[in-house]
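Student: Here it is: the structure, laid out below.
Number of protein chains: 2
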Amino acid sequence: MASYKRSSSPFLKIAKKFNCFYINGLPKRHCKPFVVEGHQVGLVRPDIMVELLRYPEVFIVRPDSVELNPAFRDFDERTARVEQVLQECRANNTFVTLKGWRNECYNVHSVLTDPPLLRMDRSATCLFGIRNYGVTINGFVHDSNKGLCLWMQRRSPTKETWPGKWDNMVSGGLSVGYGVIETAIKEAQEEAGIPENMLKDIRPSGAVSFFFESERGLFPNTEYVFDLKLPCEFTPKNNDGEVETFDLLSINELKELIASPDFKTTSLPIVIDFLVRHGVISPETEPNYAQLLELLHVPLQTIYHRAAPSENGDKGL
Amino acid sequence: MASYKRSSSPFLKIAKKFNCFYINGLPKRHCKPFVVEGHQVGLVRPDIMVELLRYPEVFIVRPDSVELNPAFRDFDERTARVEQVLQECRANNTFVTLKGWRNECYNVHSVLTDPPLLRMDRSATCLFGIRNYGVTINGFVHDSNKGLCLWMQRRSPTKETWPGKWDNMVSGGLSVGYGVIETAIKEAQEEAGIPENMLKDIRPSGAVSFFFESERGLFPNTEYVFDLKLPCEFTPKNNDGEVETFDLLSINELKELIASPDFKTTSLPIVIDFLVRHGVISPETEPNYAQLLELLHVPLQTIYHRAAPSENGDKGL
Chain W
1 MASYKRSSSP FLKIAKKFNC FYINGLPKRH CKPFVVEGHQ VGLVRPDIMV
51 ELLRYPEVFI VRPDSVELNP AFRDFDERTA RVEQVLQECR ANNTFVTLKG
101 WRNECYNVHS VLTDPPLLRM DRSATCLFGI RNYGVTINGF VHDSNKGLCL
151 WMQRRSPTKE TWPGKWDNMV SGGLSVGYGV IETAIKEAQE EAGIPENMLK
201 DIRPSGAVSF FFESERGLFP NTEYVFDLKL PCEFTPKNND GEVETFDLLS
251 INELKELIAS PDFKTTSLPI VIDFLVRHGV ISPETEPNYA QLLELLHVPL
301 QTIYHRAAPS ENGDKGL
Chain H
1 MASYKRSSSP FLKIAKKFNC FYINGLPKRH CKPFVVEGHQ VGLVRPDIMV
51 ELLRYPEVFI VRPDSVELNP AFRDFDERTA RVEQVLQECR ANNTFVTLKG
101 WRNECYNVHS VLTDPPLLRM DRSATCLFGI RNYGVTINGF VHDSNKGLCL
151 WMQRRSPTKE TWPGKWDNMV SGGLSVGYGV IETAIKEAQE EAGIPENMLK
201 DIRPSGAVSF FFESERGLFP NTEYVFDLKL PCEFTPKNND GEVETFDLLS
251 INELKELIAS PDFKTTSLPI VIDFLVRHGV ISPETEPNYA QLLELLHVPL
301 QTIYHRAAPS ENGDKGL
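Protein chains in written order, with the UniProt record's numbering: chain W, 1 to 317; chain H, 1 to 317.
So, in structure tokens, the structure goes:
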């Protein structure tokens with residue numbers, strides 16, 4: 001009887017890498033939902049819980065959840081009380097991720113379309129397994145010689161996260177106050193100097209969801225994906241100092257690069273999704289095709305299922 | 001605080017319809033894995049279990065599984081012993097689904113790429129929640145007036161399942177001995193009379209997975225999806241008597257049709273996936289975009305996770 005191990009393809013191996021928490025951590029670790037105002041907004045690992053127990057006036061560790069003190073009245077009070085704990089942890093070197101304090105906040109929502117419940121520094125959200133949303137643009141070209149090609153960037157060596165790694169042409173976190181397509185367009189201009197007229201045909205092409213874990217913490221990521229066909233003569237040009245270089249890769253070059261350790265792990269699902277949608281990865285060549293598709297869309301909504309009290313019988317699905 | 005109910009879009013409503021078991025049945029019913037030779041190949045509802053208890057020499061109902069008697073030696077013996085039970089149930093009118101006995105079998109696999117463990121009549125697989133695999137071709141046209149259009153078929157009123165309902169242009173179950181693309185091409189010729197030269201640009205475009213339930217039983221479905229751009233002047237023509245008519249629909253006509261009860265429920269995910277990949281459904285217009293994407297790819301692999309004994313530490317993911 002064949003086992004998955006025997007028939008594992010390079011793409012499935014990659015999908016297991018960016019889903020290391022979904023596959024290995026989630027079934028084994030005894031993580032607890034992080035609950036704010038009755039909504040599950042995160043997931044807390046046992047090793048983080050131990051530290052939070054030292055702040056019982058802020059975090060209430062229950063048998064089946066870690067709850068932010070419900071006595072806090074509003075967004076501002078929640079934000080301030082959590083910030084206070086984080087700054088103390090930072091001063092004490094409690095968590096490695098806080099060494100990379102960003103002075104840039106992410107909002108914490110129960111549902112992305114709802115008003116935020118609090119905000120916290122980007123470096124801290126992985127401690128609580130807060131869901132993270134981003135956008136990526138696949139910039140592709142139909143080259144008369146090399147066929148389908150994709151623009152890739154090499155991240156600046158001074159970037160806080162994944163310095164020097166290869167990455168998709170354009171990507172960015174969803175910023176407060178910006179819509180999804182708006183963020184994509186803003187990033188395309190800043191990160192790759194793409195002029196407005198080339199951006200009018202940008203096409204929303206789906207979303208990938210995956211659950212990664214690193215030494216820093218938990219990363220339940222959802223990435224909105226856009227395809228953008230670029231003219232052959234165009235070359236991306238960075239405007240914000242975050243990119244070392246851009247390179248146009250053929251499909252074969254790309255396959256080699258994503259199998260190497262030089263590619264940012266959490267950007268890989270977007271490349272694989274692109275190769276699937278454009279027919280490069282097909283059910284004929286990929287024995288684990290259906291499984292691969294599932295690992296590009298892991299059920300974060302179901303994992304973060306603790307429903308709002310008002311959602312009677314409609315539990316977050 | 002907004003709830004999902006309030007922000008529910010028409011597409012999310014449809015996705016909940018074709019995932020009625022994933023959303024409502026799976027968390028609430030006490031279904032047990034159906035195990036053959038140590039592999040989970042299905043899921044059995046309590047009401048089905050009660051009937052299977054009458055055949056203890058064939059089905060062993062344990063606290064956490066329903067197992068096919070492991071004493072059966074091979075494919076042939078397993079197939080014959082299950083067939084015997086099914087024929088008795090059919091004669092006794094035990095299960096409504098067996099009224100539609102097909103005299104056409106599906107193989108039962110632990111993994112699609114592995115040799116089959118047994119086979120059973122198509123009408124019976126939903127009793128055991130056996131995973132079902134199919135192919136669908138989206139035949140689309142870029143019309144100079146109506147823009148992006150999709151060919152749809154109305155199923156023949158004499159079809160065993162979903163008679164007279166609207167459906168995708170071409171679809172079919174994966175037949176024994178045929179590959180995925182091979183099945184797609186065979187069905188395209190038989191069902192819609194598409195000539196070989198038009199099929200050379202058929203593009204594998206992903207797969208959708210969903211978990212539907214009807215009065216007949218459980219349907220964990222994975223559908224391999226193909227896109228095929230057709231010339232404006234071409235009209236599909238049925239060759240096997242299974243189609244009443246074909247119609248070319250604009251995106252607005254299509255949106256209306258899929259919201260109506262006239263569309264085959266289990267074909268809806270393929271339409272929604274097409275609309276997502278082609279940018280018609282976008283994060284700007286669809287407040288539940290990420291959730292919708294998840295419901296097009298529910299984690300059947302994880303739900304059917306009972307690993308083969310050989311897959312040490314690599315539990316079916």
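Positions of the beta carbon are idealized from the N, C-alpha and C atoms, including for glycine.
1) Taking all protein chains shown into account, do 16 or more other C-beta atoms lie within 10 angstroms of the C-beta of W/Gln84, making it buried, or fewer, making it exposed?
2) Entirely within the UniProt domain "Nudix hydrolase" (132-271) of chain W and at least 3 residues each: give me those beta strand (DSSP E) ranges in chain order.
3) List, in chain order, every chain W residue whose beta-carbon is nearer than 7 Å to that of H/Pro204.
4) Measuring straight from C-alpha to C-alpha, what distance separates H/Glu187 and W/Met120?
5) Can we count H/Asp143 as close to the ligand PLP, meaning its CB is less than 6 Å from some heavy atom?
6) Would you call the segment 13-25 of chain W and the segment 191-199 of chain W touching, i.e. three or more CB-CB distances under 8 Å?
7) Residues bridged to H/Arg62 by DSSP?
8) Consider the Cβ of H/Val180: report whether some Cβ of chain W lies at a distance smaller than 7 Å.
9) Which of the three DSSP states, helix, strand or coil, is assigned to H/Phe21?
10) Taking any Cβ of chain W, which residues in the segment 291-304 of chain H have a Cβ under 9 Å from it, in chain order?
11) Which word fits W/Gln301, buried or exposed, when buried means at least 16 other C-beta atoms lie within 10 angstroms of its C-beta?
12) Please work out which residues of its chain come closer than 8 Å, Cβ to Cβ, to W/Ile281, disregarding the five sequence neighbours upstream and downstream, and give them in chain order.
13) Does the beta-carbon of H/Cys149 have 16 or more other beta-carbons within 10 angstroms, so that it is buried, or is it exposed?
14) Looking at the unbroken beta strand (DSSP E) that takes in W/Leu292, where does it start and where does it end?
15) In chain order, which continuous runs of the alpha helix (DSSP H) of length 4 or greater are located wholly inside the segment 65-117 of chain H?
16) State the Cα-Cα distance for the pair H/Pro33 and H/Leu98, rounded to the nearest angstrom.
17) Using 8 Å as the threshold, is the segment 196-206 of chain H in touch with the segment 219-230 of chain H, meaning 3 or more CB pairs across them?
18) Is H/Lys229 near H/Trp162, with beta carbons less than 7 Å apart?
19) So, for W/Arg154: in the same chain, excluding its five sequence neighbours on each side, which residues have a beta-carbon less than 6 Å away from its beta-carbon?
20) Classify H/Pro70: buried if its beta carbon has 16 or more other beta carbons within 10 angstroms, exposed otherwise.
21) Could you tell me the distance, in whole angstroms, from the CA atom of H/Asn107 to the CA atom of W/Leu218?
22) Between the segment 250-264 of chain W and the segment 136-149 of chain W, can you find at least three pairs of beta-carbon atoms closer than 8 Å?
23) Run down chain W in chain order and give the residues with a C-beta less than 7 Å from the C-beta of H/Ala71.
24) Could you compute how far the alpha carbon of W/Lys237 sits from the alpha carbon of H/Tyr178?
25) Chain H partners of residue 353 of chain W, CB-CB under 7 Å?
26) Report the neighbours of W/Ser209 on chain H: residues whose CB is nearer than 8 Å to its CB, in chain order.
27) Any beta carbon from chain H within less than 7 Å of W/Asn168's own beta carbon?
28) Please identify, using Cβ separations under 9 Å, the residues of the segment 256-276 of chain H that lie next to chain W, in order along the chain.
29) H/Leu53 by DSSP, collapsed to three states: which one?
30) Does the distance from the C-beta atom of W/Thr94 to that of W/Glu51 stay below 7 Å?
31) Helix, strand or coil for W/Pro10? Go by DSSP, reduced to three states.
32) When the cut-off is 7 Å and only beta carbons count, does H/Tyr224 lie next to chain W?
33) For H/Val276, which three-state DSSP category applies?
34) Under a three-way DSSP split, which group does W/Pro283 fall into?
35) Give the range of the alpha helix (DSSP H) segment to which W/Val300 is assigned.
Tutor: So, from the listed chains and residues:
1) Exposed, since its Cβ has fewer than 16 Cβ neighbours within 10 Å.
2) Runs of the beta strand (DSSP E) inside the UniProt domain "Nudix hydrolase" (132-271) of chain W: 132-143, 147-155, 166-168, 170-173, 203-214, 217-229 and 243-250.
3) Going along chain W in sequence order, the residues near H/Pro204 (Cβ under 7 Å) are Gly279, Ser282 and Pro283.
4) Here the C-alpha atom of H/Glu187 lies approximately 54 Å from the C-alpha atom of W/Met120.
5) Looking at this structure, you won't find the ligand PLP or any other ligand, since it has none at all.
6) Per the Cβ contact rule, the segment 13-25 of chain W is not in contact with the segment 191-199 of chain W (fewer than 3 Cβ pairs under 8 Å).
7) According to the DSSP secondary-structure assignment, H/Arg62 is paired through a beta bridge with H/Ser65.
8) At least one chain W Cβ lies under 7 Å of H/Val180.
9) Three-state DSSP puts H/Phe21 in a helix.
10) Residues Gln291, Leu292, Leu293, Glu294, Leu295, Leu296, His297, Val298, Pro299, Leu300, Gln301 and Thr302.
11) Buried.
12) Excluding residues within five positions, the ones whose Cβ falls inside 8 Å are Phe11, Ile272, Leu275, Tyr289 and Leu292.
13) H/Cys149 is classed as buried because its beta carbon has at least 16 other beta carbons within 10 Å across all chains shown.
14) Counting along the chain, W/Leu292 falls outside any beta strand (DSSP E), though it belongs to the alpha helix (DSSP H) covering Tyr289 to Leu295.
15) Taking only runs of at least 4 residues, the alpha helix (DSSP H) segments lying wholly in the segment 65-117 of chain H are 75-91.
16) Near 21 Å, if we compare the C-alpha coordinates of H/Leu98 and H/Pro33.
17) The segment 196-206 of chain H, when compared against the segment 219-230 of chain H, does touch it at the 8 Å Cβ threshold.
18) Contact annotation: H/Lys229 and H/Trp162 have beta-carbon atoms that are not nearer than 7 Å.
19) Counting only residues of its own chain and dropping the five nearest sequence neighbours on each side, W/Arg154 has a CB closer than 6 Å to the CB of Trp166, Glu244 and Thr245.
20) With fewer than 16 Cβ atoms within 10 Å of its Cβ, H/Pro70 is classed as exposed.
21) Roughly 40 Å separates the two Cα atoms.
22) Yes: at least three Cβ pairs fall under 8 Å.
23) Per Cβ cutoff of 7 Å: no residues; H/Ala71 is ~18 Å from chain W at best.
24) Rounded to the nearest angstrom, the two C-alpha atoms are 48 Å apart.
25) Since the first and last residues shown for chain W are 1 and 317, residue 353 of chain W lies out of range.
26) Taking a Cβ-Cβ cut-off of 8 Å, the neighbours of W/Ser209 in chain H comprise Ala290, Leu293 and Glu294, given in sequence order.
27) No - not a single Cβ of chain H is within 7 Å of the one on W/Asn168.
28) When C-beta distances to chain W are compared with 9 Å, the residues of the segment 256-276 of chain H below that value are Asp273 and Val276, in chain order.
29) Coil, per DSSP.
30) Cβ atoms of W/Thr94 and W/Glu51: closer than 7 Å.
31) Taken through DSSP and simplified to helix, strand or coil, W/Pro10 comes out as helix.
32) For H/Tyr224, the nearest CB of chain W lies under 7 Å from its own CB, placing it at the interface with that chain.
33) Here H/Val276 sits in helix by DSSP.
34) In the displayed model, W/Pro283 falls within coil according to three-state DSSP, outside both helix and strand.
35) A small correction: the amino acid at residue 300 of chain W is Leu; Val does not occupy that position in the sequence shown. Start and end: Leu300 to Ile303.
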